[in-house]
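See structure below.
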Amino acid sequence: MKRVIIIGATSGIGWALASLYAADGWTVGITGRRTERLEELRTKSGGIVHATFMDVSDTGSARKTFLELVSEIGGIDLVIISSGTGYLDDSLPWQKELETIKTNVEGFAAIAHAAFEIFRQQGCGHLAGISSIASVRGGPVPAYNASKAFVSSYLQGFRSIAARDNLPVYVTDILPGFVDTAMAKGDGLFWVASPERAAIYIFRAIEKKKRRVWVTRRWRFVALLLQFMPEKLYHSLICGKRENA
Ligand SMILES: NC(=O)c1ccc[n+]([C@@H]2O[C@H](COP(=O)([O-])OP(=O)(O)OC[C@H]3O[C@@H](n4cnc5c(N)ncnc54)[C@H](OP(=O)(O)O)[C@@H]3O)[C@@H](O)[C@H]2O)c1
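When you line the sequence shown up against this note's numbering, it's residues 1101 to 1345, in that order.
Below you can see the structure in the form of structure tokens.
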């Protein structure tokens, strides 16, 4: 039986992915901070899901817990890192910026690195991480967009190592547009996918060992537009006003 660990599975995309993998017969390990939600998913699965508390921003403890969970489920074939945080506040509180960096950068790297180490040692495995369309260019919540650029670049780095060392270790970078979860903040959202639909996209992309997946596919073109749009136009679109200079 194949084994997957999903980091950040207490809600949203991670929750939908955990439900999908459990229904597909995988042995599933899930983590998050809201233990009541972990317990709810464990009970719903009839006890086949293994759940454990993890705060990824406490990187030392998160890596230890991750290794313990790998042992508990008897090894690992696939790790999906879905944990992430973001906020909307034009006053840019430093604590929020820092929390975003600690969770999305430090926390992401701590688990991605631990997973890749295992895959490298065992000579196989699949690492997938949830970045965002926000990764393609900076935005008005600077830490969020920058943290997602880190996620995509960090994953690309592991893919390069696997290619250099001829390792059958696969790495998938997942770039959602809007998905209907607590993370989808603000007005004027469009093309919003349900977490269940997003999970199916991700599940299939991982099965096909894709390097990059846009959720849903049409966001790929939006990303291209955003990436190459002239700066003034980009600012007016993203920040809702024109640049002065
Ligand atoms: N929804 C969108 O429109 C969208 C678009 C692009 C990218 N994304 C990305 O998709 C991923 C999943 O988000 P979602 O949309 O499913 O939102 P969500 O429902 O808020 O899920 C976020 C998950 O991250 C976990 N998490 C947050 N901080 C954590 C921490 N310090 N330690 C451990 N786990 C932590 C949460 O669990 P606990 O709170 O229980 O710890 C929760 O399970 C995120 O990386 C997000 O950036 C979402």
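Built from N, CA and C at the ideal position, the CB exists for glycine as well.
Say yes only if the C-beta of residue 1228 is nearer than 7 Å to one or more non-hydrogen atoms of ligand 1, and no if none qualify. no
Going straight from the alpha carbon of residue 1180 to that of residue 1251, what length do you get? 12 Å
Closer than 8 Å is the cut-off here; do at least three beta carbon pairs connect the stretch 1211-1218 with the stretch 1236-1247? no
Closer than 7 Å: residue 1109 CB and nearest ligand 1 heavy atom: yes
Give the DSSP-derived three-state secondary structure of residue 1173 in the structure shown. coil
Considering residue 1188, what are the terminal residues of the beta strand (DSSP E) in which it resides? From DSSP, residue 1188 is part of no beta strand (DSSP E); its letter is neither H nor E.
Say the cut is 7 Å; is the CB of residue 1317 nearer than that to a heavy atom of ligand 1? no
Confirm, please, whether the CB-CB distance from residue 1117 to residue 1233 is below 8 Å. no
Shorter than 8 Å from the beta carbon of residue 1238 to some beta carbon of chain B? Reference to chain B is not applicable here, since this structure consists of a single protein chain.
In the DSSP assignment, find the unbroken alpha helix (DSSP H) run with residue 1319 in it and report its ends. 1319-1328
Would the beta-carbon of residue 1267 fall within 8 Å of that of residue 1319? no
Going along the chain, which residues of its own chain have a beta-carbon closer than 6 Å to the beta-carbon of residue 1115, five neighbours each way excluded? 1109
Considering only residues of the same chain and omitting the five flanking positions on each side of residue 1189, which have a CB-CB separation below 7 Å? 1196
With a threshold of 8 Å on Cβ separation, who are the neighbours of residue 1165 within its own chain once the five nearest residues in sequence on each side are excluded? 1131, 1152, 1153, 1154
For residue 1103, does the count of other Cβ atoms within 10 angstroms reach 16, so buried, or fall short, so exposed? buried
So residue 1247 and residue 1300 are in contact, right, with Cβ under 8 Å, and what is the actual spacing, rounded? Rounded, the Cβ-Cβ distance is 26 Å, inconsistent with contact.
Assuming residue 1325 contacts residue 1271 (C-beta within less than 8 Å), just tell me the rounded distance between them. Not a contact, Cβ separation roughly 26 Å.
Keeping to the same chain, check which residues put their C-beta closer than 7 Å to that of residue 1162; ignore five residues upstream and five downstream. 1154, 1155, 1156, 1207, 1210, 1211
Would you say the beta carbon of residue 1281 comes nearer than 7 Å to a heavy atom of ligand 1? yes
Strand pairing of residue 1130, partner residues [DSSP]: 1106, 1151
One question on the structure: do residue 1185 and residue 1159 come within less than 8 Å of each other, judged by their Cβ atoms? no
Measure the C-alpha to C-alpha separation of residue 1135 and residue 1259 and round it to an integer number of angstroms. 33 Å
Thinking just about the alpha-carbon of each residue, which of 1322, 1169, 1330, 1236 is nearest to the one in residue 1290? 1322
Can you determine whether any heavy atom of ligand 3 sits closer than 7 Å to the C-beta of residue 1290, and answer yes or no? Ligands present in the displayed structure are limited to ligand 1, and ligand 3 is not among them.
Alpha carbon to alpha carbon, how far is residue 1178 from residue 1306? 9 Å
With hydrogens ignored, establish whether the beta-carbon of residue 1159 is closer than 7 Å to any heavy atom of ligand 1. no
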